[in-house]
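Quick note, the sequence shown lines up with residues 20 to 687 if you use the working numbering.
A virtual CB, placed ideally from N, CA and C, is assigned to each residue, including glycine.
Working notes for the structure below.
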Amino acid sequence: MNELIYEPSLEMYQSIVEHNPQAVFILSADGLVLKMNGAACTLLGYTPEQVQGQAYTEIFAPEDKSRIDGFTAVAKAGNAAEYEAQAVCFGGEKVMVQISSIPLQEKGAITAIFCTMKAVPESGIYAATRNADREGKFEALFRSAVLPLFILDLDGRVVEVNDQFEAAFGWKQEEIVGFMLPIIPESCYGRHQEIMEQCRSGTIWNSFDAVGVKKDGASIEISSAFTPIRNNRKEIIGIVGHTQDITERKKLARTLQESEERYRSLVEASPEGIIVHKEGTILYANPSAMTIAKVDAPIGQSLYTYIPAEYHESTKKRIEGLENREKQTLIEIEVNRCDGTKIYIDTNSIPITHETHAAILTMFRDVTEKRIAEAEWKESEKRYRLLADNSLDLIQLVNLDGIVTYASPSHKAVIGYDPEEYIGKWVFYQPDEGIDPVFRDIFMNMVITQKPFVHTIQRKHTAGHEVWVELIGKPVFDEGGDFKNMMLVGREVTERKRYEERLKFLSYRDALTGSANRRLFQAKLEQAVKAAAESGGMLAVMYMDLDGFKQINDQYGHDAGDELLQQFAKRVESIVEEGDLFARMGGDEFALMLTGLYNPEEATATAKQILYALQQPWQLAEIQLVTTSSIGIAHFEQGDAAQELLKKADTALYQAKFEGKNKYCTYH
């Protein structure tokens, strides 16, 4: 996995190098210059061609080359370092520079060194060493250092610290002289003493990383170096050291590691096959690639093992184009799998840098099922073409510009128009109606998604009547799998549509009386209540039934009862105005919704009309009888729900019955 992840990480490093305001050099592990940025060219005057491939020490003054080799060795050992030296510019001029070296690791091994360089004034640590008098040489070096410095005795106790140390960690010199170095936490004392022992033996310790402590208790990540101090007799008399805050550097390293892990997870989990190859040899393959190819260990195998011979030449040309940074398009090819089967894949490649070398990253996905489906559809298209002229269905072929190229003769029989009236025109256009916007949107969606659709449309016959057509739209692909045109197949479903509409109508009607049923009444009442609540308009509901209906049913039979209910509904509906709704709620119970009222008295007047009409004699076949009815009235008040309003009307109905029947009562 790491092989693939280096590409994104390297791109981030390249951005850091190219846009860094400081001079940046990337060195190989053996100290050769691999890359330098524009700031480095500006600082020293060299072009990349003059320096790259040369030893890093060649750009420094001869007297400093051995020191540079030493610090390069420190970085190669895995330790960061900061130091000053004299760099030699292109014209021979010397400039004092401050250098930071950071080792770059890959799989635990140091593969490169990241160096930053900036010019320092002549008061810098190295310049001070050169320019100070011999007697003040060490003091000038110590005080002018840009890093926090400290001097320890052979027991590790503080002798002196410079101003940078005080500024960085908060302790004044007088507070810590004679004590152990306070920036080292207790957890690191053991390791610190080991380093002190090695320094007393003459060893220079260039990097000791730890979580340091400041005077205010804050923790920071630090890197320290320790060097023995010798007198004129070469005897070790103390230890000088420097330390630097590496918190941000560590944070950057963690961020880069997290980024690498994210990329690794994405690539490993990708449903697309991903491989990295160079000169035809596979260097990496993700799990999906191995699953698609049915192979367990493809690393080191030839890419051409999986590519049929007829594709070898074209594949080589694509790779050559990629090496020349030519953009390649997505292609579909046939490939071999390890189990001997063949599949079709969509694939594309990009050039990348893999372990500092140019390589190719290829992504692919199995499209065999899609290829089979397209082939089946193309065969189906041929059959359609053979049957189209004799089909009773409406058939049209439409090119990618939306122009009808074929219309079946059945258009004349079904819609009344000759096929020629469609050919050469936009598919959205209808001879009698112009553009159909709904059909246009559905058709355009098929063009974009290349997926079939089913939709019912209405067309007008030349004779004037409406014709309903169930339309199926399908994309058509050529032998290469390219989107070629569209096919529309329509079947007349006028009778079915009428039947569906009749069923829909009946679902809201009472089977006995033909009046609206409870379902429709409740739906309309909820809409009316909402409208009244928003507009402040008036709304009334009546609940009514026949007085003594059960006795009539028992005496004259259910047929007479049904006939009475039917006539009851007709009488009330003859009084109801347009916009009001009368419904049978069940049994002999009916409801009436009155909208658009100007005052409550209108509902009362309507109730009186209904009572009068229902008091007239009923003629039921051979039977004539007189009945009465009771009515409950409820007026909408803000806050009433539909069911609550209906319940109020029902309560008023029972009040009317309680008061003697054959009357109306209003809910209060």
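* Which first and last residues belong to the alpha helix (DSSP H) in which PHE184 is found? -> Indexing the sequence shown from 1 puts residue 184 at position 165. Counting along the chain, the alpha helix (DSSP H) containing PHE184 begins and ends at 182-188.
* Compare the beta carbon distance of ILE170 and GLY257 with 7 angstroms and say whether it is the shorter of the two. => The count along the sequence shown starts at 1 and reaches residue 170 at position 151. The count along the sequence shown starts at 1 and reaches residue 257 at position 238. Closer than 7 angstroms, so yes.
* Asked: Near PHE609, what residues of its chain come up, given a Cβ to Cβ distance below 6 angstroms and the 5 sequence neighbours on each side ignored?
  -> Here residue 609 refers to the residue found at position 590 when the sequence shown is read from its first residue. Around PHE609: MET563 and ARG603.
* Asked: Candidates GLN124, GLN73 and THR135: which alpha carbon is nearest GLU103's?
  -> Working through the sequence shown from its first residue, we reach residue 103 at position 84. If we check each option's Cα against that of GLU103, THR135 comes out closest.
* Asked: Is it buried or exposed for MET612, if we count other Cβ within 10 angstroms and need 16 for buried?
  -> Translated into positions along the sequence shown, residue 612 becomes position 593. By the neighbour-count rule (16 or more Cβ atoms within 10 Å), MET612 is buried.
* Rounded C-alpha distance that separates LYS233 from ILE371 -> As a working mapping, residue 233 is identified with position 214 in the sequence shown. As a working mapping, residue 371 is identified with position 352 in the sequence shown. Rounded to whole angstroms, LYS233 to ILE371 spans 45 angstroms at the Cα level.
* Asked: Whose C-alpha, out of GLN263, VAL93 and ARG517, is nearest the C-alpha of TRP487?
  -> Here residue 487 refers to the residue found at position 468 when the sequence shown is read from its first residue. Cα-wise, what sits closest to TRP487 is ARG517.
* Opposite LYS680 in the DSSP bridges: which residues? -> To locate residue 680, count along the sequence shown from 1; it is residue 661. LYS680 is not bridged to any residue.
* To do: Give me the Cα-Cα distance between ARG162 and GLU213, rounded to the nearest whole angstrom.
  => Here residue 162 corresponds to residue number 143 of the sequence shown, with the count starting at 1. Here residue 213 corresponds to residue number 194 of the sequence shown, with the count starting at 1. ARG162 and GLU213: Cα-Cα distance of roughly 28 angstroms.
* Pairwise C-alpha distance: GLN628 and VAL591 -> As a working mapping, residue 591 is identified with position 572 in the sequence shown. As a working mapping, residue 628 is identified with position 609 in the sequence shown. Cα to Cα, VAL591 sits roughly 9 angstroms from GLN628.
* Would you call the CB atoms of ASN367 and LEU380 closer than 7 angstroms? -> Counted from its first residue, the sequence shown places residue 367 at position 348. Counted from its first residue, the sequence shown places residue 380 at position 361. No, Cβ-Cβ distance for ASN367 and LEU380 is not below 7 angstroms.
* Three CB pairs or more closer than 8 angstroms across the region 84-99 and the region 221-235 -> yes
* Taking only runs of the beta strand (DSSP E) that begin and end inside the region 379-451, which ones reach a length of at least 3 residues, in chain order? -> 413-418 and 423-426
* Reduced DSSP secondary structure (H/G/I, E/B, other) of ASP578 -> Looking up residue 578 in the sequence shown gives position 559. Here ASP578 sits in helix by DSSP.
* Name the DSSP bridge partner or partners of ILE650? -> For this step, residue 650 is matched to residue 631 along the sequence shown. Answer is MET563 and TYR683.
* Determine the direct distance from the alpha carbon of ILE202 to that of GLY189, and round the result to whole angstroms. => Position 170 of the sequence shown, counted from the first residue, corresponds to residue 189. Position 183 of the sequence shown, counted from the first residue, corresponds to residue 202. Distance between the alpha carbons of GLY189 and ILE202 is about 10 angstroms.
* **Alpha carbon of TYR145 to alpha carbon of THR375, nearest angstrom** => In the sequence shown, the residue the question calls residue 145 occupies position 126. In the sequence shown, the residue the question calls residue 375 occupies position 356. Note that TYR145 scores a pLDDT of 39, beneath 50, so its modelled location is shaky; the value from the coordinates is reported in the next line. Each residue's alpha carbon lies about 35 angstroms from the other.
* What span of residues does the alpha helix (DSSP H) with GLY548 cover, start to end? -> Position 529 of the sequence shown holds residue 548. A quick correction: the sequence has Val, not Gly, at residue 548. Here the alpha helix (DSSP H) through VAL548 covers 537-554.
* Excluding five sequence neighbours on each side, which residues of the same chain lie with their C-beta closer than 7 angstroms to the C-beta of VAL230? -> Translated into positions along the sequence shown, residue 230 becomes position 211. Counting only Cβ-Cβ distances below 7 angstroms, and skipping sequence neighbours, we find PRO204, SER238 and GLU240.
* Write down the C-beta distance between ALA316 and TYR325 rounded to the nearest angstrom, noting that I regard them as a contact closer than 8 angstroms. => Translated into the one-based positions of the sequence shown, residue 316 becomes position 297. Translated into the one-based positions of the sequence shown, residue 325 becomes position 306. Not quite, the Cβ-Cβ distance comes to about 14 angstroms (not below 8 angstroms), so this is no contact.
* Which residues bound the beta strand (DSSP E) around CYS690? -> Residue coverage of the chain in this structure runs from 20 to 687, which leaves residue 690 outside it and unanswerable.
* Residues in its own chain within less than 8 angstroms of ALA80 by CB, not counting five upstream and five downstream? -> Taking the sequence shown and counting its residues from 1, the one referred to as residue 80 is at position 61. So the list reads ALA104, GLN105, ALA106, VAL107 and LYS113, once near-sequence residues are dropped.
* Would you report the Cα separation of GLY299 and LEU123, rounded to the nearest angstrom? -> Numbered from 1 along the sequence shown, position 280 holds the residue referred to as residue 299. Numbered from 1 along the sequence shown, position 104 holds the residue referred to as residue 123. For GLY299 and LEU123, the distance between alpha carbons rounds to 29 angstroms.
* Asked: Are the beta-carbon atoms of ASN504 and VAL512 separated by less than 7 angstroms?
  -> Working through the sequence shown from its first residue, we reach residue 504 at position 485. Working through the sequence shown from its first residue, we reach residue 512 at position 493. Contact flag unset, no.
* Enclosing alpha helix (DSSP H) for GLY257 [first to last residue] -> Looking up residue 257 in the sequence shown gives position 238. It is not in any alpha helix (DSSP H) - GLY257 instead sits in the beta strand (DSSP E) that spans 255-264.
* Cβ distance (whole Å) where LEU53 is taken to contact ALA74 below 8 angstroms -> Position 34 of the sequence shown, counting from 1, holds the residue named residue 53. Position 55 of the sequence shown, counting from 1, holds the residue named residue 74. That pair is no contact at about 12 angstroms.
* CA-to-CA distance, GLU545 to ALA661, given in whole angstroms -> Here residue 661 corresponds to residue number 642 of the sequence shown, with the count starting at 1. Here residue 545 corresponds to residue number 526 of the sequence shown, with the count starting at 1. Using only the alpha carbons, I get a separation of about 5 angstroms.
* To do: Identify whether ALA291 lies in helix, strand or coil by the three-state DSSP scheme.
  => Within the sequence shown, residue 291 is the residue found at index 272, counting from 1. A small correction: the amino acid at residue 291 is Glu; Ala does not occupy that position in the sequence shown. Three-state result, GLU291: coil.
* Asked: What are the residues that DSSP puts in a beta bridge with GLN124?
  -> Taking the sequence shown and counting its residues from 1, the one referred to as residue 124 is at position 105. For GLN124, which the question treats as bridged, DSSP gives the partners ILE129.
* Tell me whether MET561 is buried or exposed, calling it buried when 16 or more other Cβ atoms sit within 10 Å of its Cβ. => Reading the sequence shown from its first residue, position 542 is the one you call residue 561. Classification of MET561: buried, given that the 10 Å Cβ count is 16 or more.
* **Identified DSSP bridge partners for ASN504** => Residue numbering aside, residue 504 sits at position 485 when the sequence shown is read from its first letter. Partner(s): ASN418 and VAL495.
* **Given ASN319 as reference, the closest of GLN574, ARG337 and ILE294 once Cα atoms are compared** => Position 300 of the sequence shown, counting from 1, holds the residue named residue 319. The question names Asn, but residue 319 in the sequence shown is Gly. Of the listed residues, the one whose Cα sits closest to GLY319 is ILE294.
* **Where ILE571 falls: helix, strand or coil (DSSP)** => Counted from its first residue, the sequence shown places residue 571 at position 552. It is helical.
* To do: Excluding the 5 residues preceding and the 5 following GLN347 in the sequence, name in chain order all residues of the same chain whose CB lies nearer than 7 angstroms to its CB.
  => In the sequence shown, counting from the first residue as 1, residue 347 sits at position 328. Excluding positions up to five away in sequence, the list reads ARG337, GLY340, LEU341, ASN367 and SER368.
* Asked: Is the Cβ-Cβ distance between VAL433 and LEU413 less than 7 angstroms?
  -> Translated into the one-based positions of the sequence shown, residue 433 becomes position 414. Translated into the one-based positions of the sequence shown, residue 413 becomes position 394. Yes, the Cβ-Cβ distance between VAL433 and LEU413 is below 7 angstroms.
* Smallest Cα separation from VAL354: which of GLU329, ALA288 and GLY500? -> The sequence position of residue 354 within the sequence shown is 335, counting from 1. With distances taken between Cα atoms, VAL354 lies closest to GLU329.
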